[in-house]
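Have a look at the structure below before the remarks.
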Amino acid sequence: MNRYPIWKYLLILIVVALGFLYAAPNLYKPDPAVQISGQSSAMEIGESVLEEAQEALDEAGIEYFGGEVGEKAVLLRLDSVEDQLPAKRVIQESLGHSDYVVALNLASTTPEWLADLGASPMKLGLDLAGGVHFLMEVDTATIVRTNMEGYVQDVKAKLRAADARYRSVQLEDDREIVARFRTGELRNKAVSTMRKEFPELQITEAGRGDNLEVRATLSEQEVKQLEDYAVTQNLTTLRNRVNELGVAEPIVQRQGRNRIVVELPGVQDTAEAKRIIGKTANLEYRMEARPDTLVTNKEYFEYRNEQQRQAYGGAWLERKVIIKGDRVTNARVGYDESGLPQVNITLDARGGELMHRATWKNVGRRMGTLFIESRFEPETVVDDQGNETVVQKRTDVKKIISLATVQSALGRQFRITGLDSAAEAQELALLLRAGALAAPMYFVEERVIGPSLGADNIQVGVKSVQIGLLAVLVFMLLFYRVFGLAANIALAVNLVLLVAVMSILGATLTLPGIAGIVLTVGMAVDANVLIFSRIREELRNGMPPQTAISAGFDNAYSTIVDANITTLIVAVILYAIGSGPVQGFAVTLSIGILTSMFSAIMGTRALINLFYGGRRVQKLWI
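Counting from 740, one number per residue, gives the positions in the sequence shown under the numbering used here.
Written as structure tokens, this is what we have:
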């Protein structure tokens, strides 16, 4: 009686060994570091970049060690967290701002043999070991200008339809449409038409003689609505992009009129996060210009692919845009017949209609796919008094991804080819799938919150776990003797398994998560208390020791399962409807419930069976 078969002991040993293996990386503290990567995932970073960054740090007197060149990034490890920001500034000034992303990072010190097995340390939240904090400002003036440019075309069309002949219609100061007329009669007709067709515009008359003007501006209410739309749309897009990055428990929220706060706890690759989040990427589809097309109706663009750019330079495309990336509803990475990467695009109904109409009329011509990036780079401006101000200068980079012949009329689904690598295809698909930004954004503030900021939280959290664990260990030893020792060993294994599972799943540990661990300690012992109390009761009723052990474990099993399942249901509900810290607590509690059931039921019984199983026992130390 009370003997486990060999396979059960082996199963428990394997689970415990894997638990210790995957919990081990948490013993290695990461190094503060600065990471350098390219603006594009297809860009290669080599030894020359590392050497230039090292020279810049040497000149600035900043200590570093362990320079590493990876596939897409260079990593420089620093001696202290305080050196990260100065090192970042020095490297940025040395390399320039346009081609590289310089970001703060925490470099893993996990041994290579552990990393090869897929073991990695548990992620810690901003309140414990920090993460990345971005403050971004939405360039709301751009969306106002874009809308006004659209109004210019609409106003021209309506005036022509009303036979209100104008001398010119143009946008001034990005916010005011000015239409000029030769006679008062034409101007009056234009004012009547514009007030009827565009009630959201504020119309005023100006000018004299044969230079009569009609000026139209958006009302403050309309401007505010456009700005709110831009910020709200960007907020949604950022959340989608963060979700695509797989960040646990992110915080993406609005701050003030046109700013957005992004906090990414436990992020390892901050450079990748910064590039994906901060990039304003979009697509445009245009037909290739014919040889006889007027210069005013076409534009010249370079190829994005380095080989194509060296071979062909670029191509002339029509100024007229067929569709933009905001019509994309889905984008997935695939491979063509030659095994080269491509992005499979799905458009919305309107986008499919426009694409079909354009390609149906132009079968046999080539259509270009333009990739558009809006970058904001800091620029120092000096005024008349000599005061320096850092402003964000916007640069739009438009390059051709592909220029392919239209074989037949396209519909809602088609593909983009001509990409350099699978990584570039993945990045493009991510940006399109996450949605286009309604207006460009630039980084106002970037902070990596290191362990020092959460030192008090860590100290208090660890102390609470230590006190709770010590109290439970002493209680179990005093009340249950040998059985208490078995329960304490199982409890220690349970904590290791909990940390291991959280590390494997990539869950983020926060301060409320530590509270979940403390609660798990109590709940794990609670199961053993139920079992041991039942064994005592059976012994008082005169049952033999071996029979009492078997009856105690068997009869308490259903009670333990019921109690843990009800708690697990509550934890799942908390995770489903909660956010941030509440979800952190729910995740830790859920994992702790599952590991405690394993350790309390199988682990403790295995130890008791080793102590007493298959032997003639006269008295139990319980």
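Ideal Cβ placement from N, Cα and C applies to all residues, glycine included. Only a predicted model underlies this, so the values are computations on that prediction, with no experimental measurement involved.
Residue 1163, buried or exposed, once every other Cβ within 10 Å from all chains shown has been counted against 16: buried
Go ahead and pull the three-state DSSP assignment for residue 1076. coil
Tell me whether the beta-carbon of residue 930 lies closer than 8 Å to the beta-carbon of residue 916. no
Residue 1035: which of 1056, 1048 and 784 sits nearest, CA to CA? 1056
In whole angstroms, what separates the C-alpha of residue 1052 from that of residue 1022? 20 Å
What three-state label does DSSP hand residue 1146 in the structure shown? coil
Could you check whether the region 882-899 touches the region 856-872, counting it as contact only if at least three pairs of C-beta atoms, one from each stretch, sit closer than 8 Å? no
Count the other C-beta atoms from every protein chain shown that fall within 10 angstroms of the C-beta of residue 1027, then say buried if there are 16 or more, exposed otherwise. buried
Taking residue 1325 and residue 1313 to be in contact with their CB atoms under 8 Å, please state how far apart those CB atoms are, rounded to whole angstroms. 4 Å
For a test of the three-state rule: what should DSSP assign to residue 1317, helix, strand or coil? coil
Beta-carbon proximity list for residue 1085, same chain, < 8 Å, skipping 5 on both sides: 1067, 1068, 1069, 1070, 1151 and 1152
Go to residue 808, then tell me how far its beta strand (DSSP E) extends in each direction, as first and last residue. 803-808
Starting from the C-beta of residue 927, find all residues in its chain whose C-beta is less than 7 Å away, skip the five residues before and the five after it, and write them out in chain order. none
Kindly indicate the opening and closing residues of the beta strand (DSSP E) around residue 734. Shown here, the chain extends from 740 to 1361; a query on residue 734 therefore has no answer.
Rounded to whole angstroms, how far is the Cβ of residue 910 from the Cβ of residue 887, which I believe are closer than 8 Å? 5 Å
Straight-line Cα distance separating residue 952 from residue 985: The pLDDT assigned to residue 985 is 46, lower than 50, so where the model puts this residue is not dependable; a value taken from the coordinates is nonetheless given after this. If you take the alpha carbons of residue 985 and residue 952, they lie about 54 Å apart.
Assign residue 1271 to buried or exposed, taking buried as 16 or more other Cβ atoms, counted over all protein chains shown, within 10 Å of its Cβ. buried
Taking residue 966 as the reference, give the member of 934, 999 and 1107 with the closest Cα. 999
Determine the DSSP secondary structure at residue 744, reduced to helix, strand or coil. coil
Can you give the Cα-Cα distance for residue 1265 and residue 845, rounded to whole angstroms? 39 Å
Residue 933 to residue 950, Cα distance in whole Å? 18 Å
Can you give the beta carbon distance from residue 1292 to residue 1354, rounded, assuming they're within the 8 Å contact cut? Contact doesn't hold; Cβ gap of about 17 Å is too wide.
Kindly indicate which residue of 1099, 1217, 747 and 1046 has the alpha-carbon position closest to the one of residue 1147. 1099
Compare the C-beta of residue 877 against all C-beta atoms of chain C and say whether one is closer than 8 Å. No chain C appears in this structure, which consists of one protein chain only.
Given residue 1032, which residues of its chain have a CB within under 8 Å of its CB, disregarding the five upstream and five downstream residues? 1055 and 1057
From the DSSP output, which residues share a beta bridge with residue 775? 813 and 841
Using a Cβ-Cβ cutoff of less than 8 Å, which residues in the same chain neighbour residue 1145 once the five nearest sequence positions on both sides are dropped? 1098, 1101, 1102, 1103, 1104, 1105 and 1106
Return the CA-CA distance between residue 1180 and residue 1316, expressed in angstroms with no decimal places. 30 Å
Could you tell me the alpha carbon to alpha carbon distance between residue 1090 and residue 1330, rounded to whole angstroms? 45 Å
From which residue to which residue does the beta strand (DSSP E) around residue 915 run? 915-920
Roughly how many whole angstroms lie between the Cα atoms of residue 1149 and residue 1183? 42 Å
So if DSSP puts residue 1026 in a beta bridge, which residue, or which two residues, is it bridged to? 1106
DSSP three-state label for residue 1272, please. helix
For residue 1248, is the classification buried or exposed, using 16 other Cβ atoms within 10 angstroms of its Cβ as the cut-off for buried? buried
Can you list, in chain order, the residues of its chain whose CB lies under 6 Å from that of residue 1007, leaving out five sequence neighbours each side? For residue 1007, the predicted structure reports a pLDDT of 49, less than 50, and the residue's modelled location is therefore unreliable. The matter cannot be settled from this model.
Residue 1081 and residue 1156 - do their beta-carbons sit closer together than 8 Å? yes
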